[in-house]
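What follows is a set of notes on a single structure, which appears directly below.
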Amino acid sequence: MVHVDLKKKKKLEHLGVKIELLGHIEMLFDRSNPYEMLQLVKELDSAGEITGKKSYAFEFGNVVKNYETYNGHNVRLRYFLRVKITRHMAYDITKTLDFAVQNKMPDPEINNSIKMEVGIEDCLHIEFEYNKSKYHLDDVVVGKIFFLLVRIKIKYMEIVIIRRESTGSGPNTYSESENVAKFEIMDGAPVRGESIPIRLFLSPYNLTPTMKNVHNKFTVKYYLNLVLVDEEDRRYFKQQEIILRRKRLSGKKPFIKRTEQKQGK
1 MVHVDLKKKK KLEHLGVKIE LLGHIEMLFD RSNPYEMLQL VKELDSAGEI
51 TGKKSYAFEF GNVVKNYETY NGHNVRLRYF LRVKITRHMA YDITKTLDFA
101 VQNKMPDPEI NNSIKMEVGI EDCLHIEFEY NKSKYHLDDV VVGKIFFLLV
151 RIKIKYMEIV IIRRESTGSG PNTYSESENV AKFEIMDGAP VRGESIPIRL
201 FLSPYNLTPT MKNVHNKFTV KYYLNLVLVD EEDRRYFKQQ EIILRRKRLS
251 GKKPFIKRTE QKQGK
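Residue numbers (this note's numbering): 1 to 265.
Listed below in structure tokens is the structure:
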């Protein structure tokens with residue numbers, strides 16, 4: 001429902017009232033020229049005048065919104081409603097309302113485990129295993145680290161969740177990585193034959209589903225980075241991509257931003 005309240009003004013002459021449902025991808029370096037991936041328009045009122053208060057009912061039914069709302073470092077995917085009152089020889093009146101979109105995804109038919117080896121010749125050889133490669137946002141990463149050869153003094157070991165946001169395409173691709181979370185899984189020097197369990201809950205962290213090649217504008221990927229630090233603070237690490245999806249709609253209050261502005265004709 002759209003409500004127009006003139007308050008102290010007695011009447012408002014206009015050339016029409018309309019509402020738009022819009023989906024935009026905005027780059028940080030060029031927000032004045034967003035990519036419009038969705039646009040639907042409904043006319044609410046023809047030319048005339050509004051006195052006092054007036055309300056307009058509207059509905060955009062069964063609109064497919066394939067991508068979730070996303071607010072990143074260099075790109076933003078947003079959905080919003082925009083009401084516009086067009087006037088003659090005066091500024092148009094517009095008001096926008098952002099809303100959040102979340103999409104549930106089914107469980108994958110195939111979800112293989114991840115098994116990899118990492119090492120330094122004659123110094124370190126470990127095997128690590130994660131129970132699967134695809135996780136939902138409330139999931140738990142379960143795994144094990146096996147130490148087959150240890151000839152360096154390890155101080156501690158941690159798992160880092162990395163979000164990598166890439167914008168552009170081809171030679172113009174720009175990527176930025178962010179450490180979303182760090183989780184220490186071992187403190188102290190391990191010995192040969194030791195096995196360290198992994199149990200990492202994803203729900204406390206600010207994660208989004210994996211988003212690949214959204215309208216050829218941006219990609220968001222996630223990685224588990226296994227990091228070992230020795231007593232000389234040298235770091236040894238191995239990254240592995242994981243796929244994230246949303247299994248249920250979040251109960252968190254969505255970010256909603258209201259803006260009102262006047263546009264010159």
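Just so it is clear, CB atoms sit at the ideal spot from N, CA and C, and this is done for glycine as well.
Would you call the CB atoms of residue i and residue j closer than 9 Å?
{"i": "L149", "j": "D107", "result": "no"}
{"i": "V64", "j": "Y156", "result": "no"}
{"i": "L6", "j": "T51", "result": "yes"}
{"i": "Y135", "j": "G143", "result": "no"}
{"i": "I161", "j": "F147", "result": "no"}
{"i": "F201", "j": "E165", "result": "no"}
{"i": "Y236", "j": "I114", "result": "no"}
{"i": "K247", "j": "K104", "result": "yes"}
How many Å lie between residue i and residue j at the Cα?
{"i": "G264", "j": "M89", "result": "Any reading at G264 must be qualified, since the residue scores a pLDDT of 47, below 50, and its modelled position is unreliable; the value itself is stated next. Going by the C-alpha atoms only, they are around 9 Å apart."}
{"i": "V101", "j": "T210", "result": "15 Å"}
{"i": "L207", "j": "G48", "result": "48 Å"}
{"i": "D233", "j": "Y174", "result": "30 Å"}
{"i": "V118", "j": "R151", "result": "14 Å"}
{"i": "S195", "j": "E231", "result": "20 Å"}
{"i": "I198", "j": "L226", "result": "11 Å"}
{"i": "M37", "j": "H215", "result": "8 Å"}
{"i": "R82", "j": "T94", "result": "7 Å"}
{"i": "I110", "j": "R87", "result": "57 Å"}
{"i": "S250", "j": "Y79", "result": "17 Å"}
{"i": "E43", "j": "I243", "result": "42 Å"}
{"i": "T259", "j": "E127", "result": "The pLDDT assigned to T259 is 42, lower than 50, so where the model puts this residue is not dependable; a value taken from the coordinates is nonetheless given after this. So the alpha carbons of these two residues sit roughly 53 Å apart."}
{"i": "R245", "j": "E178", "result": "19 Å"}
{"i": "Y223", "j": "D92", "result": "47 Å"}
{"i": "D139", "j": "V17", "result": "46 Å"}
{"i": "V335", "j": "S203", "result": "Residue 335 lies beyond the range of the chain shown here (1 to 265); nothing can be said about it."}
{"i": "S169", "j": "A181", "result": "28 Å"}
{"i": "Y35", "j": "Q239", "result": "32 Å"}
{"i": "S32", "j": "G61", "result": "29 Å"}
{"i": "A57", "j": "Q39", "result": "19 Å"}
{"i": "I159", "j": "D30", "result": "35 Å"}
{"i": "E59", "j": "N172", "result": "40 Å"}
{"i": "K10", "j": "K53", "result": "10 Å"}
Could you pull the start and end residues of the beta strand (DSSP E) that residue i belongs to?
{"i": "R163", "result": "I154 to T167"}
{"i": "M186", "result": "Y174 to D187"}
{"i": "S133", "result": "Premise fails: S133 is in no beta strand (DSSP E) and is neither H nor E."}
{"i": "L81", "result": "V75 to T86"}
{"i": "K95", "result": "D92 to F99"}
{"i": "D107", "result": "Note, D107: premise wrong, no beta strand (DSSP E); not H, not E."}
{"i": "S46", "result": "Y35 to T51"}
{"i": "S195", "result": "S195 to F201"}
{"i": "D5", "result": "V2 to D5"}
{"i": "H14", "result": "K11 to M27"}
{"i": "F146", "result": "V140 to V150"}
Between the Cα of residue i and those of the options, spot the shortest distance and give me the residue it belongs to.
{"i": "D98", "options": "K8, Y70 and P171", "result": "Y70"}
{"i": "H73", "options": "E59, V220, R87 and R82", "result": "V220"}
{"i": "V41", "options": "G61, S169, E20 and Y205", "result": "E20"}
{"i": "R163", "options": "K212, I145 and M27", "result": "K212"}
{"i": "E176", "options": "V4, K54, V2 and L28", "result": "L28"}
{"i": "R76", "options": "V4, Y67, R82 and V191", "result": "Y67"}
{"i": "P190", "options": "I159, E158, I154 and A181", "result": "I154"}
{"i": "R192", "options": "L137, H125 and K104", "result": "H125"}
{"i": "T167", "options": "I25, N33 and V180", "result": "I25"}
{"i": "I85", "options": "L12, F60, K238 and S169", "result": "L12"}
{"i": "E241", "options": "N62, M116, Q39 and P171", "result": "M116"}
{"i": "L276", "options": "K9, M186, Y205 and T96", "result": "In the structure as shown, the chain starts at 1 and stops at 265, and residue 276 therefore has no counterpart that could be examined."}
{"i": "V141", "options": "D30, I185 and E59", "result": "I185"}
{"i": "T96", "options": "L22, G188 and I145", "result": "L22"}
Throw me the rounded Cβ distance for the residue i and residue j pair, which I believe falls under 8 Å.
{"i": "S55", "j": "M1", "result": "6 Å"}
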